[in-house]
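Enquirer:
2 protein chains.
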Amino acid sequence: MTETAYRVIGQRVPKVDGVERAIGSALYGTDLRLPGMLHGKVLRSPHAHARIVRIDTSRAEALPGVLAVVTRDDFPELEPGTTAPLGEIPIDLVSLTRLIMAREKALYVGHPVAAVAASDPHVADAALALIDVEYKVLPPVTTIEQALAADAPLLHERLMTAGVEPPPTKPSNVSRRTVLERGDVAASLAAADVVVERRYRADAAHQGYLEPVAAVAQAEPDGRVTVWTSTQGTFTVEWQLSVLLKMPMSRLRVVPLEVGGAFGGKIYAHVEPLCVRLAQKAGRPVRIVLTREEVLRATGPGAATIAEVKVGAQRDGTLTALEVRMWMEAGAFPGSPVANALLVGGAPYKVANLRLEGFDVVANKPRVEPYRGPGGPQANFAVEQAMDELAQRLGLDPLDLRRRNAVAAGDLLPTGRPLPEVGLAQVFDAVARHPCWTDPLPTGRHPRGRGLAIGFWHGQSFTSSCQVAVTGDGTLSVTIGAVDITGIRTALAQVAAEEFGLRVDQVAIQTGDTETSGYSDVAAGSRTARTMAAAVGGACREALARLKERAAARLECAVEDIAYVEQRFLVKGIPERAIGLAQLARLTMVEAGGPVIAEGVTQRMPAAPTFAAHVADVEVDPATGKVGVLRFTAFQDVGRAINPTQVEGQMQGGAVQGIGWALSEGEDFDERGWMRNASLLDYRMPTALDVPPIDCVIVEVPAPDVPYGMRGVGEVPIVPPAAAVANAVARALGERVAHMPMTPERVLRALRGDAFGQV
Amino acid sequence: MTETAYRVIGQRVPKVDGVERAIGSALYGTDLRLPGMLHGKVLRSPHAHARIVRIDTSRAEALPGVLAVVTRDDFPELEPGTTAPLGEIPIDLVSLTRLIMAREKALYVGHPVAAVAASDPHVADAALALIDVEYKVLPPVTTIEQALAADAPLLHERLMTAGVEPPPTKPSNVSRRTVLERGDVAASLAAADVVVERRYRADAAHQGYLEPVAAVAQAEPDGRVTVWTSTQGTFTVEWQLSVLLKMPMSRLRVVPLEVGGAFGGKIYAHVEPLCVRLAQKAGRPVRIVLTREEVLRATGPGAATIAEVKVGAQRDGTLTALEVRMWMEAGAFPGSPVANALLVGGAPYKVANLRLEGFDVVANKPRVEPYRGPGGPQANFAVEQAMDELAQRLGLDPLDLRRRNAVAAGDLLPTGRPLPEVGLAQVFDAVARHPCWTDPLPTGRHPRGRGLAIGFWHGQSFTSSCQVAVTGDGTLSVTIGAVDITGIRTALAQVAAEEFGLRVDQVAIQTGDTETSGYSDVAAGSRTARTMAAAVGGACREALARLKERAAARLECAVEDIAYVEQRFLVKGIPERAIGLAQLARLTMVEAGGPVIAEGVTQRMPAAPTFAAHVADVEVDPATGKVGVLRFTAFQDVGRAINPTQVEGQMQGGAVQGIGWALSEGEDFDERGWMRNASLLDYRMPTALDVPPIDCVIVEVPAPDVPYGMRGVGEVPIVPPAAAVANAVARALGERVAHMPMTPERVLRALRGDAFGQV
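First to last, the protein sequences are chains X and V.
Residue numbering for the first sequence follows our numbering, starting at 9 and increasing by one per position.
Residue numbering for the second sequence follows our numbering, starting at 9 and increasing by one per position.
Given below as C-alpha cells:
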C-alpha cells in the first residue's frame, strides 16, 4: 500500500474507547466488585532499615471478620538467579519477591511486612494494628552520598559491584558500574578550546498515575486463579506470578482492566501476589486498592540522580569531548535505569571522544520503577544544559550548535550500534522556521528567557501478538495481547480499517486476557503501537489472502486473478464476476472454506529511534523564585502519525510531565527515610493552571524497515522539557539552576550564587 | 497417534469446571450484576390469538423508576426471506422478530407485547400493569386436529403449504409437507404376511432446564453493545441480534455465561433483543430473567405430535414395508422438527418399501424449539412400539427381530444417503449378553414387563474454531468458540493434553466471547465435542509442528530430525541434544521464533451417526395406572469415549429426560390456549425418586474419517427411552398406551380398552 493511498491512517479518528471512559462505564481496577469479595490491606514498615525479628499475626487472625493474613512465610524462596522476562530483559525475581513482601529486612518506609483480608476495610485496618512485628532498627541510607560513603550501612550484605576490574573484595551499596566509551576523553578535554563542566542533580519523581495500584484475585479450590489488574502487561504479571508463587501458567489467568495511568509504574507486580495468597487462604475473592499515600510511599518513582558533565569543544562549536558520570538511586533493590540514561545523554551528538560512566546505587527508599523514558529526563537535564552553557560561552545560537554536532544516519550510538535513518535534521528545520523560535521573546514584568533542548529515545520492540477474525457480516474483530495505555486500540482499528477498506466502526478491537490472546509483552518502551500495528497489518493481509482463496474457489478462477476493491472480491478484468466481503464472510462461516482468523506476531522488530526538540519561554519572579512557563512547543519525528490527535496527546502529556518534574515534582525524604510529601497536596503535580497549551509540530520521517514507518511516540516527549525550561531559566536569570525540580527555593538559591541549588 | 498410545483420552478425568460449579463461583446468567443495572420485565398476551389494535405505554413511561419501555415499534421490519444461519440451516428471522415481540397479532398466551426496564423489579411489574393494550380477540387453534380442520381459524393469512403438488390455492395452518419415499409401500403392505397399524400421540414437553432464560445487555452511547447471556451459541445469538436489530457485528459482543441447562432451548434469541433495546433507550445496563412460569408459558417445548405407523412383514420377521405419517405442532410460527422425526423413525431398519410423510402445523401455542434429539422421541415412540407389536404378533424375540432388519454400513438412509460404518450390530451383541436382557424378570406385587427399543441420531457437524496458545512455561491455553453445555471443556483439555503429552491441569481451557474466539456454531446437534476435538487436535499438532521448527533452529538441525518425546524436543539419534518444552516456550516468547498460537477449524466434517438401545423393566399398578421403572440400561455406540464418565452422564441424562417424557412430562392446554400446568409442581419432571440408577454400556466403534473416531453422544440417549418403557408397559399389561406421557390416567384408559389413551 503506498502512502498516498492511505484513507484511514493519518486521520484524526475519535478514540474508540472515548465514550465509555467519558461516561464512566469503562471498568478500571478500582471498579470491579465480585460476590463475596474481601478487602485487603497491607501492613508497612515504619522503619527505613530494620531487621525483621519476628511477626506475630495471631491477634489479627482472631479478629472477627478477618479471613486471611499473609506474611513472608506465605511466599516461597526462589533459587538465586531466578528471573522472569520483560521482553528480552530478565527481571530479578529474588529481589521482587522481597520487594512485594519483606523477608529478612524492611528496606524502606512503607515496605510491606504483612497483609490481611477482611470482610470490610475498617476491619482490615483494625487487623493491621493487631499484627505485632519486632524490628531491629538499623541506620538508614537515604542519599546517594550516604550510600557511597566508606562506612555506609549496607542494605545487602553480599552486594558486590559488577562491572569493575578487578572485582571488589568487599560489599557496597553500588550494584553495578556501566561504561560506554570511545576515543580519548581526557586528552581531548585537555586540548579543547572551551570546556563546560557542571554537576546536576534530580530528585526522584513519581509517575503520578491517577488511578492507584489495584488488583482483585479469585482462587478456585482446584488451584486455578484469576487476577484482574490494572497493569501495563497481563502476560508480564502472569509470568511474575507464575514464578513468584510457583504456579504453572495454565492455572493462572490475568485479565486486564482499563488502566488509569501507568507511565511505567504498572509493569512490575505490586499487590497481585498478595491478593492471590490472601484469596487462596480466605477462599474468597480479595481486592487491594492502595491509597494515594501508599502509592507515593511504596511504589517506585523515577530515580534520583547526580550527574557530572564535561563538554569540550573547538571555538567554532565543534564538539570534541563529552564526559558524563551519573549515580542513580535504585532504592531498596538494584535496578535503576542508569544505562538508559547514559544512552540518552550521549546519543544526540556526534562526538569523537566520549566517556559515559554510570553507577547503580541502592538506598533505603522505595525501589525505583520505570517512569516514561526511564532515566532520560535526568540525563537530558544535565547534558542539554551543558550544551546550552557551551553555546552561551561560545556566543553561538543554541540551535545552530546542536545542528552542527547532531548525529545522522550511520553515525554510531554510544552503544556502538549505527543509527538508522532518523528525522533529527527535519526537526531542526521545523524549529528554525517556527514562530516559537523566530518570534521575539515578548517582554514582561519579570525576567524572561527562551530555552531549547533536544531529546533522544531508543525504545524497545519486544513481542506483540494479535488475532484478526472476520465476522459473519464482513466486519472485523481484532484481539490484541497488549493493554492499551496510550490509545492504541484506536490506532490499530485504523490500521485494520485501512487494510480492509472498512470504516473504523466496522472494526471491533479489544485487549484479550492471558488465555484468550496471544503472548504480548508490556505496553511500555514506546514499542506497543508500532509493533502491534505491524502485527495487525500483517494479520489483516493474511486474512485478506485467505478470503481471496475462498473467493477464487467460489468465482472459479485462480487466486492470482482475484482483486479486492471496495469490499468486493472480483475477477480481474471481469468486474461483474464478484462477491461482496459480507456475503463471502457469511459463506465461509456456514458453508465452505471455514471462518477466517489470522494471527499477527512481531518480535525484535528493527529499532525506530526518535528525536524531539522542545522550546520553552519562561518568566521568573526574582522575588519568589517562581518560574512560569509562558509558551511551550514540542517538535517530534514520529515516523508516521496513524492518528495525529493521539500523537499530539502523547507529546503534550510527556511535555506536561516533564514540566512538572522540571519545576515542582520531587520526592522529599527526611533523614530517617520518611517521605515528607506523601500526598498530592504536598507532592506538587502541575495542574491546568501551571502549564500553557503545548503546541505540537509533528515531523514524519518514516522509520526504515518498520511497517507504516511508525516510530515510538510515548517517551521522548518527557526527555527534553526540564532542560528546555532550565535553559530558558538560565537565560532569564543569567544563573543556572542545576537541581530539578527547580522549585522557587532552588531558584532563589541560584540567584544567590549557589548554582547547585540544593535546598 | 495410535489408539493404544492414548494416555489421557479415555480416562475418567474430573470435570475441569466441576469445583467452581459445585461451590457456586461459576457465573450463570442470573448471577451477573452490573453497576446501575436495571430490571427488565415482559408484558405478555393473555390471549392465544388476537389482533393487536393499539398499545399505549404512556402511563407506564410516566411511572417514577421506569427508564425505558419497548414495543413492536422498537424493532425494525425485515425484508421477506431474511434469515440468519444456524450452521448451514437458515433461520427465518421474519418470524423470529415477531416471536420475540408480537407485531400484528399475539399468537399464543405469553406472547411478548411490550417490555419495560425499571430501577427495581417491583416497579417494573407495576409498569407492566400500566400498559394499555387493545386486542381484537380471535378464535384460537390449540390442537393439531383443530388446525387441520377445513374451517380452522388461520394464524398466518398468507401461509401456503410448501411441498405439495399442485401448489395450494388457499392458505392453511400447514406450512410444509415433507416426504421421504422408496419402493412401493401400498403394494407391499397389501402383500405382507402381517401388518401392524396404530396411531400414536405425544404431548409437547419442555426442555426443563434448571436455569431460566436470562440475559444482560449494556449499550454504549457510541453504538457498541455487549450482551451477556446463557446461550448455546454466542455467535448464533450475535448473528440473530445483528440482523434483528440491524447492527453490524463489529458493534456487538456476545459474552457467554455458564449455562444451567439448555437441551436445545437456548439456541434462538429470547430476551436478548429486548435487553438491548431497553438498554439503548435507558442508557443503563438491563437484565431480564424469566420466571419459571414465563419459561413454561413462553419458550418453546419439544413438539406435540400425532403419528400413524403401518409396518408390514413376512412371517419370518423380515420387514417389507414401513409407512409413517406425522403431524407436528410447530406452535405460533412454522418450524417443527418433523423432517428430523421422519429420519429417526425410518433410519434404523433396512426396508425396501418406505414412505415417510410429515406435516408442519402451526397452532396458537408457544413456538416449539429444539429439544435434545428434536422430533426423535416422538417418532421413536411410534415406530419402536410398532416394531415391538410386530414381534409380539409374530412371536419373535424383539431383539432378534430388530437385529434381522437392522441397517448396516452402506445401506441407504431414508434421505437416500448411504450409512457409514456404525456400531449397531455391536450394540445388539452387547444387549444380547447383558444381564439386563438375559436375567429373568423378577416377579413383584404388580404386573411387570421388559421393553427394548433402539434409537438413531444423525447429528450435525457445522463449523467449530479454536485457538491453542503455548504459554511461556510450556503449558497450554485453549480458547474455543463454542459454549460448554455437556462437559466439552474437560474432554477438549484431555485432547490437548494427549497431543502435547501434558497433564490435564497443564491445559487452561475456556470459551471465548464473539470477539476473542473464532466463529463457532451452536453447541447442539451432538456436534460440539466431536468437531471441536478435531479442531483442538489439529491446532495442537500445528502448534507442535511450529515448535519443532523453533527447536530445529536452536538445535541446529533439520526440522525432520526433531522428535518430541515427553515434553522435550530432541535430535533423533542424539538424545542429549535436546531442549525442554518449557524452555523452548520461554525462548520463543522473548527471543526468537515468536509465540506459538495455532488455530483449528473444522467445517462440514463427515457425519457420525449413532445408535443406542435401551432396556427397561417396569411394574404397573393396575389400580392406579402408575408405572414404576425398576431397571434401566442404556447401550450406545459412542465411537470413542474421550471421558467415559462424561459420556455416561450424557447417556444417563438423556435416558432420564426420556423417562420423564414417557411417564409424566407433557404440556397441558385448555381450549383457550392457556397452559394448565405452567409450574414445576404441575409440570411433572422426574426426581431422583422416580428413576432407577441408569446403567450404561459404552460401545466403541470409531466413526470413519472422524478424528479420534468420536460420535456425538448427547442426543441419541433421549430417543428410545419412551418406546422402551412403553414396550415394557405393553408387555406388563397386554395393552398398549399410545399417548406419551403415559400418565396414570392414560394407563387406566388403556386398561379399559382405549388404546389411544387420550385423557
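Even glycine gets a Cβ: it sits at the ideal position worked out from N, Cα and C.
1. Is V:CYS704 helix, strand or coil when you go by DSSP?
2. Alpha carbon to alpha carbon, how far is V:GLY273 from V:GLY533? Give it in angstroms, no decimals.
3. Which residues, in chain order, does the segment 604-633 of chain X contribute to contact with chain V at a C-beta distance below 9 Å?
4. Under the rule that 16 or more other beta-carbon atoms within 10 Å means buried, what is V:ASP25, buried or exposed?
5. I want to see whether chain V comes within less than 8 Å of X:VAL767, judged by CB atoms only; does it?
6. Below 8 Å on C-beta distance, what does V:GLN514 contact in chain X?
7. Which whole-angstrom value describes the C-beta separation of V:THR618 and V:TRP465, a residue pair presumed to lie in contact below a C-beta threshold of 8 Å?
8. Tell me, please, which residues DSSP counts as bridged to X:GLU316.
9. Contact defined as beta carbons within less than 8 Å: I believe V:SER485 pairs with V:SER528. What is the distance between those atoms, to the nearest angstrom?
10. Are V:VAL182 and V:VAL369 closer than 8 Å when you measure CB to CB?
11. So what does V:LEU364 bridge to, in DSSP terms?
12. Say whether chain X places a C-beta atom closer than 8 Å to the C-beta of V:SER473.
13. Can you check which of these residues, X:PRO293, X:LEU421 and X:GLY325, is closest to X:VAL352 by C-alpha distance?
14. Which class does X:ARG441 belong to by DSSP, given the choice of helix, strand or coil?
15. Would you kindly work out how many angstroms separate the C-alpha atoms of X:GLN766 and X:ARG639, rounded to a whole number?
16. Pairs of beta-carbons, one from the segment 278-291 of chain X and one from the segment 105-113 of chain X, closer than 8 Å: are there three or more?
17. If you measure between the beta carbons of X:PRO614 and X:PRO426, is that distance less than 8 Å?
18. So, with DSSP's three-state summary, where would you put V:TYR716?
19. So the candidates are X:VAL284, X:MET257, X:LYS23 and X:VAL16; which of them puts its Cα closest to the Cα of X:VAL124?
20. When the Cα atoms are used, what is the spatial distance from V:PRO309 to X:ALA287?
21. Against chain C, with Cβ distances strictly below 8 Å, would V:TYR357 count as a contact?
22. Should X:PRO22 be labelled buried (16 or more other beta-carbon atoms within 10 Å of its own) or exposed?
23. On the criterion of 16 or more Cβ atoms from any shown chain inside 10 Å, does X:ILE314 qualify as buried, or is it exposed?
24. Should V:VAL221 go down as buried or exposed, given a rule of 16 or more other Cβ atoms within 10 Å for buried?
25. Just verifying my parser: in three-state terms, what is the DSSP assignment at X:GLN393?
26. Give me the chain X residues within the contact set of V:PRO84, using Cβ-Cβ distance strictly less than 9 Å, ordered along the chain.
27. Taking the beta carbon of V:SER66 as the centre, do at least 16 other beta carbons fall within 10 Å, making it buried, or is it exposed?
28. Could you check whether the Cβ of V:VAL332 sits closer than 8 Å to any Cβ belonging to chain X?
29. Tell me the rounded alpha-carbon separation between X:GLU607 and V:PRO725.
30. Using a 10 Å radius around the Cβ and a threshold of 16 neighbouring Cβ atoms, would you call X:GLU4 buried or exposed?
31. Would you give the residue range spanned by the alpha helix (DSSP H) that V:PRO281 belongs to?
32. Do the segment 478-492 of chain X and the segment 507-524 of chain X make contact, defined as three or more Cβ pairs closer than 8 Å?
33. Apart from the five residues just before and just after X:ASP7, which ones in its own chain have a Cβ nearer than 8 Å to its Cβ?
34. Which of helix, strand or coil does DSSP assign to X:THR177?
35. Is it the case that the segment 189-203 of chain V contacts the segment 711-718 of chain V, given that we only count it when at least three CB pairs across the two stretches are under 8 Å?
36. Suppose you measure from the CA of V:ARG549 to the CA of V:VAL604; what does that come to, to the nearest Å?
Expert: So, from the listed chains and residues:
1. For the purposes of this step, residue 704 of chain V is identified with residue 696 of the second sequence, where counting begins at 1. Strand, per DSSP.
2. Numbered from its first residue, the second sequence carries residue 533 of chain V at position 525. Numbered from its first residue, the second sequence carries residue 273 of chain V at position 265. Computed Cα separation, rounded: 12 Å.
3. Of all residues in the segment 604-633 of chain X, only VAL604, ILE605, ALA606, GLU607, VAL609, THR610, GLN611 and ARG612 place a beta-carbon less than 9 Å from a beta-carbon of chain V.
4. Counting from 1 along the second sequence, the entry for residue 25 of chain V is found at position 17. With 16 or more Cβ atoms within 10 Å of its Cβ, V:ASP25 is classed as buried.
5. Locating residue 767 of chain X in the first sequence gives position 759, where the first residue counts as 1. Confidence at X:VAL767 is low in this model, with a pLDDT of 43, below 50, so its placement is unreliable and no value can be given for it.
6. Numbered from 1 along the second sequence, position 506 holds the residue referred to as residue 514 of chain V. Against chain X, a Cβ distance below 8 Å from V:GLN514 picks out PRO256 and SER258.
7. Indexing the second sequence from 1 puts residue 618 of chain V at position 610. Indexing the second sequence from 1 puts residue 465 of chain V at position 457. That pair is a contact at about 5 Å.
8. What you label residue 316 of chain X is simply residue 308 of the first sequence in a count that begins at 1. Looking at the DSSP output, X:GLU316 shares a beta bridge with X:ARG207 and X:ARG333.
9. Counting from one through the second sequence, the residue named residue 485 of chain V turns up at place 477. Counting from one through the second sequence, the residue named residue 528 of chain V turns up at place 520. Not quite, the Cβ-Cβ distance comes to about 17 Å (not below 8 Å), so this is no contact.
10. Locating residue 182 of chain V in the second sequence gives position 174, counting from the first residue. Locating residue 369 of chain V in the second sequence gives position 361, counting from the first residue. For V:VAL182 and V:VAL369, yes; Cβs fall inside 8 Å.
11. As a working mapping, residue 364 of chain V is identified with position 356 in the second sequence. Under the DSSP definition of a beta bridge, V:LEU364 partners with V:LEU188 and V:VAL332.
12. Taking the first residue of the second sequence as 1, we reach residue 473 of chain V at position 465. A Cβ of chain X is located within less than 8 Å of the beta carbon of V:SER473.
13. Position 344 of the first sequence, counting from 1, holds the residue named residue 352 of chain X. X:VAL352 has its Cα closest to that of X:LEU421, out of X:PRO293, X:LEU421 and X:GLY325.
14. The count along the first sequence starts at 1 and reaches residue 441 of chain X at position 433. Residue state, collapsed to three classes: coil.
15. Taking the first sequence and counting its residues from 1, one reaches residue 766 of chain X at position 758. Taking the first sequence and counting its residues from 1, one reaches residue 639 of chain X at position 631. Bear in mind that a pLDDT of 48 at X:GLN766, under 50, signals an unreliable position, so the number given afterwards is only what the model happens to contain. If I take the Cα positions, the gap works out to 27 Å.
16. Enough Cβ pairs lie closer than 8 Å, so yes.
17. For the purposes of this step, residue 614 of chain X is taken as residue 606 along the first sequence, with counting starting at 1. For the purposes of this step, residue 426 of chain X is taken as residue 418 along the first sequence, with counting starting at 1. Going by C-beta atoms, X:PRO614 is not nearer than 8 Å to X:PRO426.
18. Within the second sequence, numbered from 1, the residue matching residue 716 of chain V stands at position 708. Helix.
19. Here residue 124 of chain X refers to the residue found at position 116 of the first sequence. Distance check between X:VAL124 and each of X:VAL284, X:MET257, X:LYS23 and X:VAL16 places X:VAL284 closest, using alpha-carbon atoms only.
20. As a position in the second sequence, residue 309 of chain V is number 301, starting the count at 1. As a position in the first sequence, residue 287 of chain X is number 279, starting the count at 1. Roughly 43 Å between the two C-alpha positions.
21. The chain labelled as chain C is not found among the protein chains of the depicted structure, namely X and V.
22. As a working note, residue 22 of chain X is residue 14 in the first sequence. X:PRO22 is classed as exposed because its beta carbon has fewer than 16 other beta carbons within 10 Å across all chains shown.
23. Along the first sequence, read from residue 1 onward, the residue named residue 314 of chain X stands at position 306. Result: buried.
24. In the second sequence, counting from the first residue as 1, residue 221 of chain V sits at position 213. The Cβ neighbour count for V:VAL221, taken over all protein chains shown within 10 Å, is at least 16; the residue is labelled buried.
25. Along the first sequence, one-based indexing puts residue 393 of chain X at 385. Looking at X:GLN393 - three-state DSSP - the assignment turns out to be helix.
26. For the purposes of this step, residue 84 of chain V is identified with residue 76 of the second sequence, where counting begins at 1. What V:PRO84 touches in chain X: nothing, since even the nearest Cβ is about 16 Å away.
27. Stepping through the second sequence from its first residue, residue 66 of chain V is reached at position 58. Exposed is the call here.
28. Translated into the one-based positions of the second sequence, residue 332 of chain V becomes position 324. No, because no Cβ of chain X sits closer than 8 Å to the Cβ of V:VAL332.
29. Locating residue 607 of chain X in the first sequence gives position 599, where the first residue counts as 1. Locating residue 725 of chain V in the second sequence gives position 717, where the first residue counts as 1. Cα to Cα, X:GLU607 sits roughly 40 Å from V:PRO725.
30. Residue 4 of chain X is absent from the structure shown; chain X starts at 9 and stops at 767.
31. Against the second sequence, residue 281 of chain V aligns to sequence position 273. Per DSSP, V:PRO281 belongs to the alpha helix (DSSP H) from 280-290.
32. These segments touch.
33. Because chain X is modelled from 9 through 767, residue 7 of chain X falls outside the range shown and cannot be assessed.
34. As a working mapping, residue 177 of chain X is identified with position 169 in the first sequence. DSSP, read as helix, strand or coil, puts X:THR177 in coil.
35. The segment 711-718 of chain V is not in contact with the segment 189-203 of chain V.
36. Mapped onto the second sequence, residue 549 of chain V falls at position 541. Mapped onto the second sequence, residue 604 of chain V falls at position 596. Looking at the two C-alpha atoms, the distance is approximately 12 Å.
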